[in-house]
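Peer 1:
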Amino acid sequence: MKYERNYGIDLLRLVLMYMVCMLHTLGQGGILGVCQAGTVEYKAFWFLEILSYCAVDGFAIISGYMAVDRPRKYEKLVDMWFQAFFYSFVITMLFTLAGCNPVWEKADMIRCAFPVTFGKFWYFTAFFALFFAIPILNKFMFTVEEQSAKIAFLILIILFSCMGLFADAFKTQGGYSTLWLIILYCIGALAKRGKVFEQKKSFTLIIMWAICIFWTWAHTFFREMSS
-15 MKYERNYGID LLRLVLMYMV CMLHTLGQGG ILGVCQAGTV EYKAFWFLEI
35 LSYCAVDGFA IISGYMAVDR PRKYEKLVDM WFQAFFYSFV ITMLFTLAGC
85 NPVWEKADMI RCAFPVTFGK FWYFTAFFAL FFAIPILNKF MFTVEEQSAK
135 IAFLILIILF SCMGLFADAF KTQGGYSTLW LIILYCIGAL AKRGKVFEQK
185 KSFTLIIMWA ICIFWTWAHT FFREMSS
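Each residue of the sequence shown is one higher than the one before, counting from -15 in my numbering.
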């Protein structure tokens, strides 16, 4: 079976990667923390933050949307684990030896040596579980009928996205959980199976996306003023 490359998806991946960098710059970089609430800069930077919220979610949805029925490459997961181990354990050890991290207790060393077990990197920990769940999920995704896929897609959106606006009833932890990553994978796969996006014009999808961004941005500041 020949798999054709989707250049639109490739472009989306590049945009999402840029958004990930933006999230880390604004958050871990400390920009949001030093901006005074209510200022133009504060609102502008928070708009960029909200604009990029979908970055990590987008990668999970793409994984489901582009899912194929072929053997899993376990060497890819092993390679990713060693990368996580390098940044968690090796880098920390080097900084400790250089005197930049004077206190590195035995318990911390063990946690760094097992990045998945102790959740050092939340996304990789969630992806690790998703990786083994994918073959089981695909058995359903590749056999479900188009109409059933649309219904399942809508149910997941309502249960895990719309209801999540009010309370974390299903413990998705604000998107930082294995369950949420699995849900996103299913949403992507069901969207492809049910031809959800194929029946919509690109302009319509962009307008819907823009409305969601501005609504979230406005809701964020309204909630701040209310509190």
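Beta carbons are placed, not taken as given, at the ideal position from N, Cα and C, and that holds for glycine.
Here the structure is a predicted model, which is why all the values come from computation and not from measurement.
Suppose you measure from the CA of P119 to the CA of I191; what does that come to, to the nearest Å?
Peer 2: Within the sequence shown, numbered from 1, the residue matching residue 119 stands at position 135. Within the sequence shown, numbered from 1, the residue matching residue 191 stands at position 207. Distance between the alpha carbons of P119 and I191: 34 Å.
Peer 1: So what's M3 in DSSP terms, helix, strand or just coil?
Peer 2: Here residue 3 is taken as the residue at index 19 of the sequence shown, counted from 1. Note: M3 maps to helix in three-state DSSP.
Peer 1: Within 10 angstroms of its Cβ, does A82 collect 16 or more other Cβ (buried), or is it exposed?
Peer 2: Taking the sequence shown and counting its residues from 1, the one referred to as residue 82 is at position 98. Looking at its Cβ environment, which holds fewer than 16 other Cβ atoms inside 10 Å, A82 is exposed.
Peer 1: Taking N122 as part of the alpha helix (DSSP H), name the residues at either end of that continuous run.
Peer 2: As a first step, residue 122 is located in the sequence shown; it is residue number 138 there, counting from the start. Note, N122: alpha helix (DSSP H), 106 to 125.
Peer 1: Under three-state DSSP, which class holds M(-15)?
Peer 2: The count along the sequence shown starts at 1 and reaches residue -15 at position 1. In this prediction, M(-15) scores a pLDDT of 44, lower than 50, which makes its location untrustworthy; no coordinate-derived value is stated.
Peer 1: Give me, in chain order, the residues of the same chain whose beta-carbon lies closer than 7 Å to that of G148; leave out the 5 immediate sequence neighbours on both sides.
Peer 2: For the purposes of this step, residue 148 is taken as residue 164 along the sequence shown, with counting starting at 1. Once the five neighbours on either side are set aside, the close Cβ partners of G148 are T156.
Peer 1: Among the residues of its own chain, which have a CB less than 7 Å from the CB of I135, if the five just before and after it don't count?
Peer 2: Reading the sequence shown from its first residue, position 151 is the one you call residue 135. Within the same chain, I135 has no close Cβ partners at all.
Peer 1: Measuring straight from C-alpha to C-alpha, what distance separates K27 and D41?
Peer 2: As a working mapping, residue 27 is identified with position 43 in the sequence shown. As a working mapping, residue 41 is identified with position 57 in the sequence shown. Approximately 23 Å between the Cα atoms of the pair.
Peer 1: Considering only the alpha carbon of each residue, which of F205, F105, F154, K176 lies closest to T127?
Peer 2: As a position in the sequence shown, residue 127 is number 143, starting the count at 1. Measuring from the Cα of T127, the nearest candidate turns out to be K176.
Peer 1: Secondary structure at Y37, three-state DSSP: helix, strand or coil?
Peer 2: Here residue 37 is taken as the residue at index 53 of the sequence shown, counted from 1. DSSP places Y37 in coil when its eight states are reduced to three.
Peer 1: Is it the case that the Cβ atoms of A39 and M64 are separated by a distance below 8 Å?
Peer 2: Taking the first residue of the sequence shown as 1, we reach residue 39 at position 55. Taking the first residue of the sequence shown as 1, we reach residue 64 at position 80. The answer is no: Cβ separation not under 8 Å.
Peer 1: Just the C-alpha distance for T200 and P86, rounded to the nearest angstrom, thanks.
Peer 2: In the sequence shown, the residue the question calls residue 200 occupies position 216. In the sequence shown, the residue the question calls residue 86 occupies position 102. In a straight line, the C-alpha of T200 is about 42 Å away from that of P86.
Peer 1: Pull up the distance between the alpha-carbon of A194 and that of I34, whole angstroms please.
Peer 2: As a position in the sequence shown, residue 194 is number 210, starting the count at 1. As a position in the sequence shown, residue 34 is number 50, starting the count at 1. Near 11 Å, if we compare the C-alpha coordinates of I34 and A194.
Peer 1: Can you look up Q12 in the DSSP assignment and give me helix, strand or coil?
Peer 2: Residue numbering aside, residue 12 sits at position 28 when the sequence shown is read from its first letter. It is coil, neither helix nor strand.
Peer 1: Report yes or no: do the region 155 to 171 and the region 47 to 67 share at least 3 C-beta pairs separated by less than 8 Å?
Peer 2: Output reads yes: the region 47 to 67 touches the region 155 to 171.
Peer 1: With respect to 7 Å, is the separation between the Cβ of G(-8) and the closest non-hydrogen atom of the ligand GTP below this value?
Peer 2: Among the components of this structure there are no ligands whatsoever, and the ligand GTP is therefore not found.
Peer 1: Nearest by alpha-carbon distance to A117: which of S72, S145, W164 is it?
Peer 2: Translated into the one-based positions of the sequence shown, residue 117 becomes position 133. Closest option to A117, Cα to Cα, is W164.
Peer 1: Cβ of F137 within 8 Å of Cβ of F144?
Peer 2: Walking along the sequence shown from the start, residue 137 turns up at place 153. Walking along the sequence shown from the start, residue 144 turns up at place 160. No; because the gap between Cβ atoms is not below 8 Å, this pair is not in contact.
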